[in-house]
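K.L.:
Residue numbers (our numbering): 1 to 202.
Quick one: structure below, then a few questions.
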């Protein structure tokens, strides 16, 4: 069905707000961004802002939800056809690092690390990523022994570790390529699975 001009205008205004907010959040963080800043940056009226959002945090949550959905899609695409748990993990981490490595995304993560943490685990989109990872990992024979609780813990830690490592890289705690970080995390978690296997057999 064709979108009416009125609906198209509403979509365009919402996108202007989201785009302007992302730029501001990346530049100075959510906590230092006001509605006035967003209104000025997006060149809309203050009343128009309230037609779509109640506060800057609402826009932030939408941006994060969209990002998590995009991550979920890109990670799933990268996992297609893989036959080992190691390759699955490496491809997942590499797809994540590739997606968030634009200059704007780097600054967004650096300047909003605490807010991203607090919002993410109440987000349906991040829970979907966790669920997909734990379900998809079960198809690999080398990790099929793992119980449901461990799969869930593993998936949560794997996802949060990638985000934390990415932020630490861009705070200059160390130097590494996206490929090196993806291999590092895949090795860490595969070794963790092997250690868990040995532990459960004792």
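The beta-carbon is built from N, C-alpha and C at its ideal position, and this holds for glycine as well.
1. Please name the residue, chosen from 61, 96 and 131, that lies closest to residue 22 on a Cα-to-Cα basis.
2. Applying the 10 Å Cβ sphere with the 16-neighbour rule, what's the burial state of residue 213?
3. Closest by CA to residue 68, which one among 82, 143 and 132?
4. Do you know offhand how far residue 187's Cα is from residue 58's?
5. Rounded to whole angstroms, how far is the Cβ of residue 88 from the Cβ of residue 82, which I believe are closer than 8 Å?
6. Within this structure, are the beta carbons of residue 24 and residue 112 separated by less than 8 Å?
7. Could you check whether the stretch 139-147 touches the stretch 158-172, counting it as contact only if at least three pairs of C-beta atoms, one from each stretch, sit closer than 8 Å?
P.N.:
On the basis of the supplied data:
1. Taking the Cα of residue 22 as reference, the smallest distance to any Cα among 61, 96 and 131 is reached at 61.
2. Residue 213 lies beyond the residue range present for the chain, which begins at 1 and ends at 202; the question has no answer from this structure.
3. For the residues 82, 143 and 132, the minimum Cα distance to residue 68 belongs to 132.
4. Their backbone Cα atoms lie some 37 Å apart in a straight line.
5. Here residue 88 really is in contact with residue 82; their C-beta atoms are around 5 Å apart, less than 8 Å.
6. A distance of 8 Å or more separates the beta carbons of residue 24 and residue 112.
7. No: fewer than three Cβ pairs fall under 8 Å.
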